[in-house]
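So that you can map any letter, position 344 of the sequence shown is 328 in the numbering used here, and since no number is skipped, the others follow by simple counting. All C-beta atoms in this analysis are idealised placements derived from N, C-alpha and C, irrespective of residue type, glycine included. Reading through the structure tokens given below for one structure.
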Amino acid sequence: MLPNKILTYISLFSSAGVGCYGFKEAGFECIATNEIIERRLKIQMINNKCKFQSGYVLGDIREKEIKKQIKYQIEVYKQLGNDKVDVLIATPPCQGMSVANHKKQPNEIDRNSLVVESVNMIVDIKPRFFIIENVSGFYKTGCIAQNGKVMQIGDMIEANLTENYCIYNEVINFKNYGGNSSRTRTLVIGVCKELANFISPLELFPDFTKQKSLKQVIGHLRNLQWGEFDKNDFFHSFRTYPAHMREWIKDIAQGQNAFENKDERKRPHQTINGKIVLNKAKNGDKYTRQKWESVAPCVHTRNDQLASQNTIHPVDDRVFSIRELMLMMSIPDNFKWIDASLEQLNSLNDDEKIKTSKKYEINIRQSIGEAVPTAIFRQIAQKILNFMRKQKLKQNEITNIIAKHNLINSNKLKEYIISNKDNIDAASLSTIAEMSNAKRESHSAYFTNRFIVNEIAKTLPTFSKNSITIIEPSAGCGNFLPIIFKKYESVDHVNLKLIDIDGDSLEILKILYYDIVPTNFNLEFINTDFMEYEAKADLIIGNPPFSKLSKNSKYRVQLSDEISSLAGAFLEKSLKISDYVSMIMPKNLLNTKDYRGTRELLAKTGVSNILDFGEFGFNGVLIETINITTGKQNEINVKSLPLRINLKQKKNYIFDKDLPYWVIYRNFFFDTILSKMDFGIFDVFRDRQLTNSNTSTNKTKQAIRVLKSRNIAHDGTIIQIDGYDSYVEKNKLDKFAASKFLNRDDVYLTPNMTYNPRLVKKESGYVVNGSVAILIPKISKNLSSKQLKYISSSDFREFYKIARNYQTRTLNVDSVSCFWFGALKEEYYD
């Protein structure tokens, strides 16, 4: 952003600059635009896209000199006070990926590696936002990645950019987003991590609008005779072609193609040696007359040809004019193709018009055919602009504002939000509302940031029906609303039920979002306890309270026997009343015994996605979370944000009933170790009563040693540590449960809460505190020194991380997880 608050952008593979002209219209300043074809780049110059001539970079992005020129322009703007490139746009060539290209070349995968160049530029330049647009199959198409290996483009983008960006990709048809013609494309938007908690990339996508018919788009333009130029519009003209071809199309009705003529002489053909040889129709849309009431067809680069795809006017015997194509691609009238005004072009005589048209027409038509509709990028630009204009508050600023304005008072909070909606961004206001809620702690309601919500949006189901019901069971201040609005903006009718036990939160929610509710949404605000609310839904989505469920809770009759949290109660109820559920949960849902029944319900319902947030879930709250989305499918998408792991797992593989719980990162290595050992051979005991408060570091004659976790070294030996070793007086030991193990030497010890497991056989004469688990053989068993040593090996420790689902805060060795402390089979001794 420049000191005068003007935002900046760079455009790669920009062609004639049709798409990114939308950024110019929104007031952005172009630092540099790169295009390999000079005649395309000249069109950008005519439109004064860049402030400096050096901003027009002609050449192949793969060449060092071209990259150098772009970096030079960035430095020029840095000297002007530009703190950072705001947006990088990349629309790399798509010949190798397009399903319409019948003549794919052997080097198409290498060609697709131009996408890699775009990603490398994003990594190098570090813009605040990036946009990549390409064909619908783009994300799953192969490319040669940075490591020289062939991988899917989507995987390459995620691997290189997710560390610094929050990313959302969607295949959308631009006809429904203001593009005016059918154009199904993949749109990828990234937001830098510094801003990702304030806005999700999904929120920057263009807005859904009702598609227009071809007649609505171009029907106001006059009909044309053979070779005619509209006297008021040079760009609306009848492009001529060999006269004999007119017989092929003059009698076909709207929706018909020339190959449907009954008379084969009127079908597209060649005459060879006096015989008619019919042309081949590789695509069914060649020589096809378009329908007025249908959506405008996709505009291709060869829109000058009758034989190309969907090019013939509904009434006139011609291809669409340039003006018609511009309207079909939402290109504004003020976009210039020739360095002359429209008035000057209209004033030319017929011969001059023909000559001028012949010189420029093909370049113009091809530029339109490979462009992004201007309206698409204009909307994205405007959304970025609106967001960047507003203040984004840091945590300490929010705390100070709450104190300064006494926003604990709900009336003052409402007044503050209303008066600041135009100058503080929505996420900051939502955070203020959440942090001001005095009941937040008692309700265990934690703020869900945009970064997390964006990841959840990727997992949500799509619906084919016209009307759906969505429930948010603990709506709070509505942090899920922006993605729900965007995700389901194309459904005809959405009934969204926002439930919360806190009425004040619902009132704040109304103030925050009343003016951005899409017209297809009906919102119901329901102040009640979700556990007491009865209604069916298509989707339940949310972040339930994480508080404990009391043993005497009236809700227990409808829940699994061992469930102990309100989050688990919300999830189980949701599974019973909704077709789909997507809910943030404590990560121990995967493994603890109190969620055993919940896991069984989920496995029966079907799971489509498991998102592992680790400790990224809630700002300032040290708890590991996941999001689980239901859906009937054989493969489950498993993604770890902290570890940047993305897997597709067979449900029976990770829900294996022979294992004590779900192992979501299970792999070949894990299975190899699993086959080498006997598991489930121990029970476990831990005494949480012995603590620092009732033990001492002073060793007396009557003191009994209390072993703690650090006393068990990484190699499995027991060590002494000055100032750390603890003792308990013998006459006080009997009141602790650990006393029964004082003289036992037939059990084994392992530190609790560690990724470096080790196992040692206990000797008589000491006890342990709660930081050490006592493993009791289910049958009398002496582990060999090799078996004990294996537990400390790097192989077992890596296995153990996978077995514990890479948890960091829920690593207790309990009656379930003690399963993993096994014995190496003798045949695998070294």
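**Message:** Judging by CA-CA distance, which residue of D513, K470 and P502 is the nearest neighbour of D484?
**Reply:** For D484, the closest alpha carbon among the candidates D513, K470 and P502 is that of D513.
**Alpha-carbon spacing of D662 relative to L733, whole angstroms** = For D662 and L733, the gap between their C-alpha atoms comes out near 18 Å.
**Asked** Which of helix, strand or coil does DSSP assign to R286?
**Response** Looking at R286 - three-state DSSP - the assignment turns out to be coil, as it is neither helix nor strand.
**Candidates R672, I763, F720 and E599: closest to Q791 by CA position** = Of the listed residues, the one whose Cα sits closest to Q791 is E599.
**Item:** Rounded straight-line distance, which links the Cα of S394 to that of D488
**Value:** One C-alpha to the other measures close to 7 Å.
**Asked** When the Cβ atoms of the region 105 to 122 are set against those of the region 63 to 70, are three or more pairs found closer than 8 Å?
**Response** When C-beta atoms of the region 105 to 122 are compared with those of the region 63 to 70, three or more pairs fall below 8 Å, so the two segments count as touching.
**Message:** Spatial neighbours of Q240 within its chain, please: C-beta separation below 8 Å, excluding the five flanking residues on both sides.
**Reply:** Only T272 and R273 meet the Cβ criterion.
**Message:** Buried or exposed, going by whether 16 or more other CB atoms sit within 10 Å of the CB of I705?
**Reply:** I705 comes out exposed.
**Exposure label - D655; buried when at least 16 CB within 10 Å** = It counts as exposed.
**Request:** Could you name the residues of the same chain whose beta carbon sits closer than 8 Å to that of Q366, not counting the 5 residues immediately before and after it, in chain order?
**Result:** Same-chain partners within the cutoff: A10.
**Request:** Keeping to the same chain, check which residues put their C-beta closer than 7 Å to that of V103; ignore five residues upstream and five downstream.
**Result:** Only residues of its own chain outside the window of five on either side were considered, and among them M140, I141, N144 and L145 have a CB closer than 7 Å to the CB of V103, listed in chain order.
**Prompt:** If you follow the beta strand (DSSP E) that Y152 is part of, which residue opens it and which one closes it?
**Reply:** That run of the beta strand (DSSP E) goes Y149 to N157.
**Asked** Helix, strand or coil: how does DSSP classify P185 here?
**Response** Reduced to three states, the DSSP call for P185 is helix.
**Asked** Who are the near neighbours of F218 in its chain, counting only those whose CB is closer than 6 Å to its CB and skipping five residues on each side?
**Response** Beyond the five residues adjoining it in sequence on each side, F218 comes within less than 6 Å, by CB distance, of L329 and N330 in the same chain, given in chain order.
**Request:** Could you please give the first and the last residue of the uninterrupted alpha helix (DSSP H) stretch that includes Q771?
**Result:** Q771 -> alpha helix (DSSP H) spans S769 to I775.
**Item:** Same chain, Cβ closer than 7 Å to L808, neighbours up to 5 away in sequence not counted
**Value:** The residues are K660, M661, K770, Q771 and Y774.
**Request:** Hey, could you find the ends of the alpha helix (DSSP H) K471 is sitting in?
**Result:** Taken as a continuous stretch (DSSP letters only), the alpha helix (DSSP H) holding K471 covers L465 to K471.
**Item:** Those runs of the beta strand (DSSP E) which lie wholly inside the region 190 to 275 and span at least 3 residues
**Value:** Runs found: 217 to 221, 253 to 256 and 259 to 262.
**Request:** Using the Cα positions of K746 and Q686, report the straight-line distance between them to the nearest angstrom.
**Result:** Each residue's alpha carbon lies about 20 Å from the other.
**contact_flag[the region 275 to 291, the region 187 to 198] where n(CB pairs < 8 Å) is 3 or more** = At 8 Å Cβ cutoff, the stretches touch.
**Asked** Start and end of the beta strand (DSSP E) containing A324?
**Response** Unbroken run through A324: none, as it is neither H nor E.
**Request:** In the DSSP assignment, find the beta strand (DSSP E) that holds A74 and state where it starts and stops.
**Result:** It spans V71 to A74 - the beta strand (DSSP E) in which A74 sits, taken as one unbroken run.
**Message:** Run through the DSSP bridge pairs and tell me what K745 is partnered with.
**Reply:** Residue pairing by DSSP places K745 opposite Y732 in a beta bridge.
**Prompt:** If you draw a straight line from the alpha carbon of C4 to that of S566, how long is it in whole angstroms?
**Reply:** Going by the C-alpha atoms only, they are around 36 Å apart.
**Message:** Just to check my reading of the structure: D214 and Q363 have Cβ atoms closer than 8 Å, yes? What is that Cβ distance to the nearest angstrom?
**Reply:** That pair is no contact at about 30 Å.
**Prompt:** Going along the chain, which residues of its own chain have a beta-carbon closer than 8 Å to the beta-carbon of A84, five neighbours each way excluded?
**Reply:** The pLDDT assigned to A84 is 44, lower than 50, so where the model puts this residue is not dependable, and the model offers no usable value.
**Message:** Please report the distance separating the alpha-carbon of A551 from that of I455.
**Reply:** So the alpha carbons of these two residues sit roughly 15 Å apart.
**Proximity below 8 Å, CB of I760 to CB of V731** = For the 8 Å CB-CB criterion, I760 and V731 form a contact.
**Message:** I need the DSSP call for V60, collapsed to helix, strand or coil.
**Reply:** Note: V60 maps to helix in three-state DSSP.
**Asked** Going straight from the alpha carbon of K449 to that of K51, what length do you get?
**Response** Taking the straight line joining both Cα atoms gives about 48 Å.
**Prompt:** Do the region 22 to 38 and the region 311 to 324 meet, that is, are 3 or more Cβ pairs less than 8 Å apart?
**Reply:** Contact check between the region 22 to 38 and the region 311 to 324: three or more CB pairs, one atom from each, fall below 8 Å, which counts as touching.
**Request:** Could you check the C-alpha separation between E816 and I54 for me, to the nearest Å?
**Result:** Nothing can be reported for residue 816: it is not among the residues displayed for the chain, which extend from -15 to 814.
**Prompt:** CA-CA distance, I(-10) and T358?
**Reply:** Their backbone Cα atoms lie some 20 Å apart in a straight line.
**Message:** Taking a contact to mean a Cβ-Cβ separation below 8 Å, would you say Q375 touches I408 in this structure?
**Reply:** Closer than 8 Å, so yes.
**Prompt:** By Cβ distance below 6 Å, which residues in the same chain neighbour P90 in space, the five residues on each side in sequence not counted?
**Reply:** Residue placement at P90 is poorly supported in this model, since its pLDDT is 49, which falls under 50; the coordinates are not used for a value here.
**Request:** Just the C-alpha distance for K481 and L726, rounded to the nearest angstrom, thanks.
**Result:** When the Cα atoms are used, K481 and L726 turn out to be separated by approximately 59 Å.
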